[in-house]
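Let me begin by presenting the structure, written as structure tokens, before commenting on it.
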DNA sequence: TTTATATTTAAGCATTTGCTTAAATAATTA
DNA sequence: TAATTATTTAAGCAAATGCTTAAATATAAA
């Protein structure tokens with residue numbers, strides 16, 4: 001079994017390359033899942049939604065629209081993406097649908113959100 | 001000063017909406033910075049690169065190309081994006097350029113990468 | 001100084017993303 | 001029941017993303 005290589009440098013460590021490939025293989029499912037959550041949180045609007053949900057526990061689409069000054073459909077589509085992968089869950093109360101962070105991802109998201117720092121007020 | 005509202009429901013808590021807007025305002029710089037890093041890590045290829053850098057300390061573009069079985073230019077462009085915002089740094093050794101996770105973001109990325117779990121080997 | 005190697009850069013292009021507007025659902029109220 | 005309100009869905013479109021190929025840079029070796 002020959003190893004396909006891109007560079008021919010003498011220092012290339014073929015053992016290391018193979019080990020890395022094996023390592024990646026052993027975590028592929030986990031990497032895929034986490035990077036999917038990261039991609040969702042990597043959008044600033046969605047990150048703000050998660051930040052707000054963490055602070056307020058639950059909010060509805062039109063709350064987000066008011067707070068973020070965006071259209072309701074735009075918000076709804078962001079919420080849908082996060083709901084589709086169970087990052088957030090819903091609860092209906094009459095016509096209002098409340099969103100909250102799902103238990104499943106709470107710890108992971110809390111760890112990330114805890115890196116948010118408040119700015120000092122200037123004058 | 002009148003508050004622009006999307007929904008007219010009686011339960012809408014205008015105090016909460018205003019507080020949320022103020023809260024967001026107080027963390028806007030931080031949110032912007034973190035969600036930018038998240039967006040970078042949200043790409044599966046880049047997330048794998050970060051995972052590999054964490055394990056191997058430093059690697060060069062052609063290592064990544066071999067490990068991830070991708071073209072060198074494709075890898076190079078991913079590395080550039082992360083270098084542009086100082087998520088990773090470089091060191092030259094002859095013709096080879098070694099990349100590593102920057103000190104500045106090491107803790108944050110380690111926290112995220114620590115959520116990666118290894119899969120059980122089946123049979 | 002020519003040649004080879006490692007990397008980056010740039011142009012081109014298909015795919016994805018995130019909004020807008022308009023229409024469809026669903027629950028409440030008159 | 002009809003009208004109102006909250007939300008979702010869908011179509012359309014501009015902008016961003018991530019690859020490919022080809023060319024440009026930079027260092028090292030012949």
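Residue numbers (our numbering), protein chains in the order written: chain A, 1 to 123; chain B, 1 to 123.
Where is the CB? At the ideal position from N, CA and C, for every residue including glycine.
Computed from a predicted model, the values in this text were never measured in an experiment.
**Prompt:** Which whole-angstrom value describes the C-beta separation of residue 51 (chain A) and residue 113 (chain A), a residue pair presumed to lie in contact below a C-beta threshold of 8 Å?
**Reply:** To locate residue 51 (chain A), count along the first chain from 1; it is residue 51. To locate residue 113 (chain A), count along the first chain from 1; it is residue 113. That belief holds up - the Cβ atoms of residue 51 (chain A) and residue 113 (chain A) are roughly 6 Å apart, short of 8 Å.
**Prompt:** In chain A, which residues lie with their C-beta within 9 Å of the C-beta of residue 31 (chain B)?
**Reply:** Working through the second chain from its first residue, we reach residue 31 (chain B) at position 31. Going along chain A in sequence order, the residues near residue 31 (chain B) (Cβ under 9 Å) are 44, 47, 48, 51 and 116.
**Item:** Inter-stretch contact (C-beta, 8 Å, three-pair minimum) for the stretch 40-57 of chain A and the stretch 103-117 of chain B
**Value:** Segments in contact, no.
**Message:** Distance check for residue 66 (chain A) and residue 72 (chain A), CA to CA, integer angstroms please.
**Reply:** As a working note, residue 72 (chain A) is residue 72 in the first chain. As a working note, residue 66 (chain A) is residue 66 in the first chain. Taking the straight line from one Cα to the other gives about 9 Å.
**Asked** In three-state terms, what does DSSP make of residue 98 (chain A)?
**Response** For the purposes of this step, residue 98 (chain A) is taken as the residue at position 98 of the first chain. Strand at residue 98 (chain A).
**Asked** By Cβ distance below 6 Å, which residues in the same chain neighbour residue 46 (chain A) in space, the five residues on each side in sequence not counted?
**Response** For the purposes of this step, residue 46 (chain A) is identified with residue 46 of the first chain, where counting begins at 1. Listed in chain order, the non-local C-beta contacts of residue 46 (chain A) below 6 Å within the same chain comprise 40 and 78, local neighbours out to five positions each way being set aside.
**Item:** Interface positions of the stretch 75-91 of chain B facing chain A (Cβ-Cβ less than 8 Å), listed along the chain
**Value:** Among the residues of the stretch 75-91 of chain B, none has a Cβ less than 8 Å away from any Cβ of chain A.
**Asked** Ordered along the chain, which non-local residues of its own chain (more than five positions away) have a Cβ less than 7 Å from that of residue 62 (chain A)?
**Response** Translated into the one-based positions of the first chain, residue 62 (chain A) becomes position 62. The answer, listed in chain order, is 72.
**Asked** Buried or exposed: which applies to residue 15 (chain B), given that a residue is buried once 16 or more other Cβ atoms fall within 10 Å of its Cβ?
**Response** To locate residue 15 (chain B), count along the second chain from 1; it is residue 15. Classification of residue 15 (chain B): exposed, given that the 10 Å Cβ count is below 16.
**Contiguous alpha helix (DSSP H) assignments of at least 4 residues, all confined to the stretch 56-81 of chain B** = Contiguous alpha helix (DSSP H) elements confined to the stretch 56-81 of chain B occur at 61-68, taking only those with 4 or more residues.
**Request:** Check the DSSP bridge columns for residue 91 (chain A) and list the partner residues they point to.
**Result:** As a working mapping, residue 91 (chain A) is identified with position 91 in the first chain. DSSP, once it has assigned bridges, lists A:98 as partnering residue 91 (chain A).
**Message:** What does the Cβ neighbour count give for residue 35 (chain B), buried or exposed, with the cut at 16 atoms within 10 Å?
**Reply:** Counting from 1 along the second chain, the entry for residue 35 (chain B) is found at position 35. Burial check for residue 35 (chain B): the Cβ neighbour count within 10 Å reaches 16 or more, so the residue is buried.
**Request:** Closer than 7 Å by C-beta to residue 1 (chain A): which residues in its own chain qualify, once you throw out the five before and the five after it? Chain order, please.
**Result:** One-based indexing of the first chain puts residue 1 (chain A) at position 1. Since pLDDT at residue 1 (chain A) reaches only 39, below the 50 mark, its modelled position is unreliable, and the value read off the structure follows with that caveat. None.
**Request:** Rank B:33, B:24, B:84 and B:60 by C-alpha distance to the C-alpha of residue 92 (chain B) and give the top, closest one.
**Result:** By 1-based counting over the second chain, the position of residue 92 (chain B) is 92. Of the listed residues, the one whose Cα sits closest to residue 92 (chain B) is B:60.
**Prompt:** Is there at least one Cβ from chain A nearer than 8 Å to residue 35 (chain B)'s Cβ?
**Reply:** As a working note, residue 35 (chain B) is residue 35 in the second chain. Closer than 8 Å: yes.
**Prompt:** In chain A, which residues lie with their C-beta within 9 Å of the C-beta of residue 112 (chain B)?
**Reply:** Position 112 of the second chain, counting from 1, holds the residue named residue 112 (chain B). By Cβ distance, chain A contributes 34, 38, 108, 111 and 112.
**Asked** Taking only beta-carbon atoms, is residue 17 (chain A) less than 8 Å away from chain B?
**Response** Sequence index remark: in the first chain, residue 17 (chain A) carries index 17 (1-based). Answer yes: the Cβ-Cβ gap between residue 17 (chain A) and chain B drops below 8 Å somewhere.
**Request:** Go ahead and pull the three-state DSSP assignment for residue 118 (chain B).
**Result:** Locating residue 118 (chain B) in the second chain gives position 118, counting from the first residue. In the displayed model, residue 118 (chain B) falls within coil according to three-state DSSP, outside both helix and strand.
**Request:** Anything in the stretch 53-70 of chain B with a Cβ closer than 7 Å to a Cβ of chain A? List those residues in chain order, please.
**Result:** Taking 7 Å as the cut-off between beta carbons, the residues of the stretch 53-70 of chain B near chain A are 55, 56, 62, 63, 65, 66 and 67, in sequence order.
**Prompt:** Nearest to residue 57 (chain B) by alpha carbon, out of B:95, B:99, B:94 and B:22?
**Reply:** By 1-based counting over the second chain, the position of residue 57 (chain B) is 57. Comparing Cα positions, the closest option is B:99.
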